[in-house]
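To keep things clear, I will list the structure first and then write my remarks on it.
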Amino acid sequence: MAVDGLSINLATVREQYNMQQAVEACLKHDIVAIAPWRDQIHAIGLSEAARIVADNKLQVTGLCRGGMFPAADPAARAAAIDDNKKAIDEAAALNADCLVLVVGGLPAGSRDIRHAREMVADGIAAILPHARAAGIPLAIEPLHPMYAADRACVNTLEQALDVCDLLGVGVGVAIDVYHVWWDPKLEQQIARAGASNRVLAHHICDWLVPTTDLLLDRGMMGDGVIDLKRIRRSIETAGYHGPQEVEIFSAGNWWKRPGETVLSTCVDRFRSVC
Numbered sequence: 037m038a039v040d041g042l043s044i045n046l047a048t049v050r051e052q053y054n055m056q057q058a059v060e061a062c063l064k065h066d067i068v069a070i071a072p073w074r075d076q077i078h079a080i081g082l083s084e085a086a087r088i089v090a091d092n093k094l095q096v097t098g099l100c101r102g103g104m105f106p107a108a109d110p111a112a113r114a115a116a117i118d119d120n121k122k123a124i125d126e127a128a129a130l131n132a133d134c135l136v137l138v139v140g141g142l143p144a145g146s147r148d149i150r151h152a153r154e155m156v157a158d159g160i161a162a163i164l165p166h167a168r169a170a171g172i173p174l175a176i177e178p179l180h181p182m183y184a185a186d187r188a189c190v191n192t193l194e195q196a197l198d199v200c201d202l203l204g205v206g207v208g209v210a211i212d213v214y215h216v217w218w219d220p221k222l223e224q225q226i227a228r229a230g231a232s233n234r235v236l237a238h239h240i241c242d243w244l245v246p247t248t249d250l251l252l253d254r255g256m257m258g259d260g261v262i263d264l265k266r267i268r269r270s271i272e273t274a275g276y277h278g279p280q281e282v283e284i285f286s287a288g289n290w291w292k293r294p295g296e297t298v299l300s301t302c303v304d305r306f307r308s309v310c
């Protein structure tokens with residue numbers, strides 16, 4: 037019997053499994069929704085990845101990732117747009133619910149975050165017609181401010197929704213609790229996202245105290261300080277009832293454990309603390 041409402045972002049077991057192995061392990065735990073990363077797809081080939089998804093009737097809750105739009109020169113910005121169009125095509129081949137966008141930070145040598153944010157909006161606008169034609173929604177994922185310089189200059193749900201409002205149909209948000217749990221406007225902005233049907237994905241993990249690495253020390257749900265149930269209630273009240281997607285980067289802990297242990301713990305914690 038499927039674990040209803042649970043998806044596994046395959047980053048969670050990327051050190052234990054390739055995509056084929058990860059799917060087989062998920063199915064053993066009755067998990068029928070996944071979110072692969074592009075490097076995992078490229079490693080086995082897009083046609084094989086699409087076959088795995090179709091043969092096992094999997095829901096792909098998102099493809100990770102597009103984005104990385106800001107760059108110091110026009111050629112690099114054009115290359116990013118071309119790569120994002122390829123990512124849209126890959127998401128379409130997998131029948132993914134959305135393409136997740138980690139939008140990018142400051143170009144090399146820049147201190148102008150306002151200009152970086154303009155380049156993000158321009159980049160998404162440039163790929164949006166292709167995404168609409170392919171039927172793939174674009175999910176802007178605001179990242180914690182600690183990543184503003186190098187990974188994502190869109191750092192709050194409010195900022196992401198402002199871009200959505202600017203660009204219109206086909207753009208929404210991926211709400212990752214790791215990045216937004218601290219935001220005093222979070223509930224207000226979740227309600228705003230729900231009012232315009234902008235919530236495309238809901239990612240879960242936990243924030244450890246102390247955390248030993250800002251990128252690679254995410255916690256298993258229940259091991260940290262995030263009020264997961266409260267955020268889930270807000271998101272469901274806003275109208276999103278899709279799967280919660282476990283996305284854990286954990287170089288010192290969960291990536292070192294057997295994949296079976298990781299997945300069984302994800303199921304247990306999803307049922308008990310989410």
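What the sequence shown shows, in my numbering, is residues 37 to 310, in sequence order.
Built from N, CA and C at the ideal position, the CB exists for glycine as well.
CA-CA distance, residue i and residue j?
{"i": "Lys64", "j": "Asp91", "result": "15 Å"}
{"i": "Pro143", "j": "Cys189", "result": "11 Å"}
{"i": "Glu296", "j": "Glu60", "result": "11 Å"}
{"i": "Leu137", "j": "Pro246", "result": "28 Å"}
{"i": "Val303", "j": "Leu42", "result": "8 Å"}
{"i": "Ala58", "j": "Leu46", "result": "7 Å"}
{"i": "Ile211", "j": "Ala111", "result": "31 Å"}
{"i": "Thr192", "j": "Leu179", "result": "7 Å"}
{"i": "Val209", "j": "Ala196", "result": "7 Å"}
{"i": "Thr97", "j": "Pro173", "result": "11 Å"}
{"i": "Lys292", "j": "Leu244", "result": "17 Å"}
{"i": "Gly275", "j": "Leu222", "result": "15 Å"}
{"i": "Leu135", "j": "Leu99", "result": "5 Å"}
{"i": "Ala116", "j": "Asp109", "result": "11 Å"}
{"i": "Arg269", "j": "Gly260", "result": "18 Å"}
{"i": "Glu311", "j": "Ile149", "result": "Any property of residue 311 remains undetermined from this structure, which presents the chain solely from 37 to 310."}
{"i": "Met104", "j": "Asp186", "result": "9 Å"}
{"i": "Ile163", "j": "Ala170", "result": "11 Å"}
{"i": "Ala161", "j": "Val207", "result": "10 Å"}
{"i": "Val89", "j": "Arg147", "result": "42 Å"}
{"i": "Gly343", "j": "Tyr53", "result": "The structure shown does not extend to residue 343, since the chain spans only 37 to 310, so no value can be given for it."}
{"i": "Thr273", "j": "Gly145", "result": "43 Å"}
{"i": "Arg168", "j": "Asp119", "result": "16 Å"}
Just reading off the alpha helix (DSSP H) that residue i is part of, what are its end residues?
{"i": "Val282", "result": "From DSSP, Val282 is part of no alpha helix (DSSP H) but of the beta strand (DSSP E) over Gln280 to Val282."}
{"i": "Ala162", "result": "Ile149 to Ala170"}
{"i": "Asn120", "result": "Pro110 to Ala129"}
{"i": "Leu299", "result": "Gly295 to Val309"}
{"i": "Leu203", "result": "Leu193 to Leu203"}
{"i": "Met55", "result": "Met55 to Lys64"}
{"i": "Lys51", "result": "According to the sequence shown, residue 51 is Glu rather than Lys. Run containing Glu51: none; DSSP gives neither H nor E here."}
{"i": "Asp249", "result": "Here Asp249 belongs to no alpha helix (DSSP H), and DSSP marks it neither H nor E."}
{"i": "Ser146", "result": "Unbroken run through Ser146: none, as it is neither H nor E."}
{"i": "Ala86", "result": "Leu82 to Asp91"}
{"i": "Leu264", "result": "Leu264 to Thr273"}
May I ask which residues mark the beginning and end of the beta strand (DSSP E) holding residue i?
{"i": "Arg101", "result": "Leu99 to Gly103"}
{"i": "Ala175", "result": "Leu174 to Ile176"}
{"i": "Ala6", "result": "Outside the displayed range of the chain (37 to 310) lies residue 6, so it cannot be described from this structure."}
{"i": "Val136", "result": "Leu135 to Val138"}
{"i": "Ser286", "result": "No beta strand (DSSP E) contains Ser286, which DSSP labels as neither H nor E."}
So if DSSP puts residue i in a beta bridge, which residue, or which two residues, is it bridged to?
{"i": "Leu42", "result": "Gln280"}
{"i": "Gly255", "result": "Asp242"}
{"i": "Val96", "result": "Ile70"}
{"i": "Ala188", "result": "Gly140"}
{"i": "Ala237", "result": "Ala210"}
Could you check whether the Cβ of residue i sits closer than 7 Å to any heavy atom belonging to the ligand PLP?
{"i": "Gly278", "result": "Among the ligands in the structure shown, none appear at all, so the ligand PLP cannot be discussed."}
- Item | Cβ contact check for the segment 127 to 135 and the segment 148 to 158: 3 or more pairs under 8 Å | By the C-beta criterion, the segment 127 to 135 is judged not to be in contact with the segment 148 to 158, since fewer than 3 inter-stretch pairs fall below 8 Å.
- Runs of beta strand (DSSP E) wholly within the segment 206 to 234 (minimum 3 residues, chain order): Correct list: 207 to 212.
- So, do the segment 231 to 238 and the segment 283 to 295 have three or more beta carbon pairs nearer to each other than 8 Å? The segment 231 to 238, when compared against the segment 283 to 295, does not touch it at the 8 Å Cβ threshold.
- Task: Decide if the segment 66 to 83 is in contact with the segment 248 to 257; the criterion is three or more beta carbon pairs, one per stretch, under 8 Å apart.
- Result: No contact exists between the segment 66 to 83 and the segment 248 to 257.
- Meets three-Cβ-pair contact criterion under 8 Å: the segment 221 to 231 and the segment 256 to 263: Touching, no, given that fewer than three Cβ pairs across the two stretches are closer than 8 Å.
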